[in-house]
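So the structure is just underneath, and the comments pick up after that.
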Amino acid sequence: MSVFFSSDLHFFHKNVIEYCNRPWTFEEQTEELISRWNSRVRLRDEVYHLGDFAFAGKNKLQAVLDIIRQLNGRITFLKGNHCDSRLWKLIEDSNLSHVEDIRDYKEVRIDGVKIVMCHYPFETWNTAHHGAWHLHGHTHGNLPSKGKRLDVGIDNHPDHQVFSYDEVREYMREQEFVVVDHHK
Numbered sequence: 070m071s072v073f074f075s076s077d078l079h080f081f082h083k084n085v086i087e088y089c090n091r092p093w094t095f096e097e098q099t100e101e102l103i104s105r106w107n108s109r110v111r112l113r114d115e116v117y118h119l120g121d122f123a124f125a126g127k128n129k130l131q132a133v134l135d136i137i138r139q140l141n142g143r144i145t146f147l148k149g150n151h152c153d154s155r156l157w158k159l160i161e162d163s164n165l166s167h168v169e170d171i172r173d174y175k176e177v178r179i180d181g182v183k184i185v186m187c188h189y190p191f192e193t194w195n196t197a198h199h200g201a202w203h204l205h206g207h208t209h210g211n212l213p214s215k216g217k218r219l220d221v222g223i224d225n226h227p228d229h230q231v232f233s234y235d236e237v238r239e240y241m242r243e244q245e246f247v248v249v250d251h252h253k
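The working numbering numbers the first residue of the sequence shown as 70 and each following residue consecutively.
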């Protein structure tokens, strides 16, 4: 089993293509995002999606659910600022077997490393001074990384892909803890 992280797919958001210089058209976006996700993620892999999965109102909620059904992996969704709150209720009511959890914030431990995840970037986070990593989205690659913090949105990946745990680990190896509070 492998672990992946992503954020800010923005299904059904036309303007994000121009804002983030995505290499496809609006008409191609849904198929392209599904294809890129499934090209890396296998059925039993674990995926943490850190917010802004879709930019869709009431009339597109069923279409978003149909997209989720097509995605590989066991998915934990973290809420972002662009997802309609009715989407989370619809997902819960649909009992999708590969949706593991829906929340605002999540901490996990992988290979002995604590990983703190939220849609929004933090300047400091739980146990950062002990080497914890912070993964976030929201900024579409526009916020400079600092210390062991990384934007895992697809617009920050060189191939517009989900980030593998190995890619994140390799990035974090090069980073040092940055003191921003009383912890040293």
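Glycine residues also receive a C-beta, built at the ideal position from the N, C-alpha and C atoms.
Exercise. Nearest-angstrom Cα distance between Gln230 and Val110?
Worked result: Here residue 230 refers to the residue found at position 161 when the sequence shown is read from its first residue. Here residue 110 refers to the residue found at position 41 when the sequence shown is read from its first residue. Their Cα atoms are separated by approximately 10 Å.
For this session: Can you grab the Cα-Cα spacing for the pair Leu206 / Val116, in whole Å?
Result: Numbered from 1 along the sequence shown, position 137 holds the residue referred to as residue 206. Numbered from 1 along the sequence shown, position 47 holds the residue referred to as residue 116. Per the sequence shown, the amino acid found at residue 206 is Gly instead of Leu. Distance between the alpha carbons of Gly206 and Val116: 14 Å.
Exercise. DSSP three-state call for Leu219: helix, strand or coil?
Worked result: For the purposes of this step, residue 219 is taken as residue 150 along the sequence shown, with counting starting at 1. DSSP places Leu219 in strand when its eight states are reduced to three.
Problem set entry | Buried or exposed (CB count within 10 angstroms, at least 16 for buried), Met70 | Along the sequence shown, read from residue 1 onward, the residue named residue 70 stands at position 1. By the neighbour-count rule (16 or more Cβ atoms within 10 Å), Met70 is not buried but exposed.
For this session: Reducing DSSP to helix, strand and coil, say where Tyr117 ends up.
Result: For the purposes of this step, residue 117 is identified with residue 48 of the sequence shown, where counting begins at 1. Reduced to three states, the DSSP call for Tyr117 is strand.
Exercise. Starting from Thr99 and walking both ways along the alpha helix (DSSP H), at which residues does that stretch end?
Worked result: Indexing the sequence shown from 1 puts residue 99 at position 30. Segment 95-109, the alpha helix (DSSP H) holding Thr99.
Exercise. For Met186, which residues of its own chain have a beta-carbon under 8 Å away from its beta-carbon, when the five flanking residues on both sides are left out?
Worked result: As a working mapping, residue 186 is identified with position 117 in the sequence shown. Taken in chain order, the residues that qualify are Phe74, Tyr117, Leu119, Leu147, Tyr174, Lys175, Glu176, Val177, His203, Leu204, His205.
Exercise. Does the separation of the CB atoms of Ile103 and Thr94 fall below 8 Å?
Worked result: For the purposes of this step, residue 103 is taken as the residue at position 34 of the sequence shown. For the purposes of this step, residue 94 is taken as the residue at position 25 of the sequence shown. Cβ atoms of Ile103 and Thr94: not closer than 8 Å.
Exercise. Using the C-alpha atoms, what's the distance from Gln244 back to Ile137?
Worked result: If you number the sequence shown from 1, residue 137 lands on position 68. If you number the sequence shown from 1, residue 244 lands on position 175. Ile137 and Gln244: Cα-Cα distance of roughly 34 Å.
For this session: Give the DSSP bridge partners of Cys187, in chain order.
Result: Position 118 of the sequence shown, counted from the start, is the residue given in the question as residue 187. Tyr174, per the DSSP bridge assignment.
Exercise. Between the C-alpha atoms of Asp170 and Arg155, what's the straight-line distance to the nearest angstrom?
Worked result: Looking up residue 170 in the sequence shown gives position 101. Looking up residue 155 in the sequence shown gives position 86. Each residue's alpha carbon lies about 15 Å from the other.
Exercise. Which of helix, strand or coil does DSSP assign to Ser76?
Worked result: As a position in the sequence shown, residue 76 is number 7, starting the count at 1. Reduced to three states, the DSSP call for Ser76 is strand.
Exercise. Cβ atoms of Lys127 and Asp153: under 8 Å apart, would you say?
Worked result: Here the question's residue 153 lines up with position 84 in the sequence shown. Here the question's residue 127 lines up with position 58 in the sequence shown. Their beta carbons are under 8 Å apart, which means Asp153 touches Lys127 by this criterion.
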